[in-house]
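Q: Residue numbering for the sequence shown follows this note's numbering, starting at 97 and increasing by one per position. Idealized CB from N, CA, C, for every residue including glycine.
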Amino acid sequence: MPWKLSSEFTFDSAHVITGYDGPCGRLHGHTYRVRMELTSDRLRPSAHVKRAIMVADFKTLKWAKKDIDAGGLDHAYLNDIPELGDDTTAEVVAAYIHRHTMKRVRADLPAGDDGADLRLHVTLWETPDSSCEYWE
């Protein structure tokens with residue numbers, strides 16, 4: 097792939113890993129750090145520029161940074177998100193972020209573009225030294 101778009105951001109959220117025998121089974125929070133890496137073999141237009149000069153808009157990759165009331169994950173109680181429920185491990189949250197980022201990226205594609213060449217790699221740090229990576 098000739099282009100790789102990278103973006104990093106943080107968000108703060110709380111969760112409980114239901115059924116976990118230990119501290120993670122109690123309510124606690126993290127400052128999550130996320131790295132998004134989106135690759136493409138061609139450039140495209142975006143919702144904000146009609147010329148084919150972008151892999152995707154950085155704004156699209158940073159949706160999770162927004163406050164929960166604005167559709168993101170910042171200051172969310174992750175267990176309240178129906179798709180996550182009791183399964184709020186770093187692995188499940190990384191896959192959730194991947195799924196919802198790709199939905200947003202595909203929604204910005206021009207008509208007739210299925211985005212088949214787009215590949216997203218998500219790295220989610222739950223602590224400064226513990227991370228999970230997810231990609232398809």
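1) Based on the DSSP secondary-structure assignment, which residues constitute the bridge partners of Met132?
2) In the structure shown, what three-state DSSP assignment does Asp163 receive?
3) Note the first and the last residue of the continuous alpha helix (DSSP H) segment covering Glu187.
4) Of all Cβ atoms in chain C, is any one closer than 8 Å to the Cβ of Ala190?
5) Less than 8 Å between the C-beta atoms of Tyr116 and Glu222, yes or no?
6) Kindly indicate which three-state DSSP category Asp209 falls into: helix, strand or coil?
7) Label His194 either buried or exposed according to how many other C-beta atoms from any shown protein chain fall within 10 Å of its C-beta, with 16 as the threshold for buried.
A: Here's the rundown:
1) To locate residue 132, count along the sequence shown from 1; it is residue 36. Residue pairing by DSSP puts Met132 in a beta bridge opposite Ser103 and Val218.
2) Translated into the one-based positions of the sequence shown, residue 163 becomes position 67. Three-state DSSP puts Asp163 in a strand.
3) Residue 187 sits at position 91 when you count from the first residue of the sequence shown. Taken as a continuous stretch (DSSP letters only), the alpha helix (DSSP H) holding Glu187 covers Ala186 to Ala203.
4) Here chain C cannot be found, since the structure has a single protein chain.
5) Locating residue 116 in the sequence shown gives position 20, counting from the first residue. Locating residue 222 in the sequence shown gives position 126, counting from the first residue. No; because the gap between Cβ atoms is not below 8 Å, this pair is not in contact.
6) Here residue 209 is taken as the residue at index 113 of the sequence shown, counted from 1. Three-state DSSP puts Asp209 in coil, outside helix and strand.
7) Reading the sequence shown from its first residue, position 98 is the one you call residue 194. Buried, by the Cβ-count rule.
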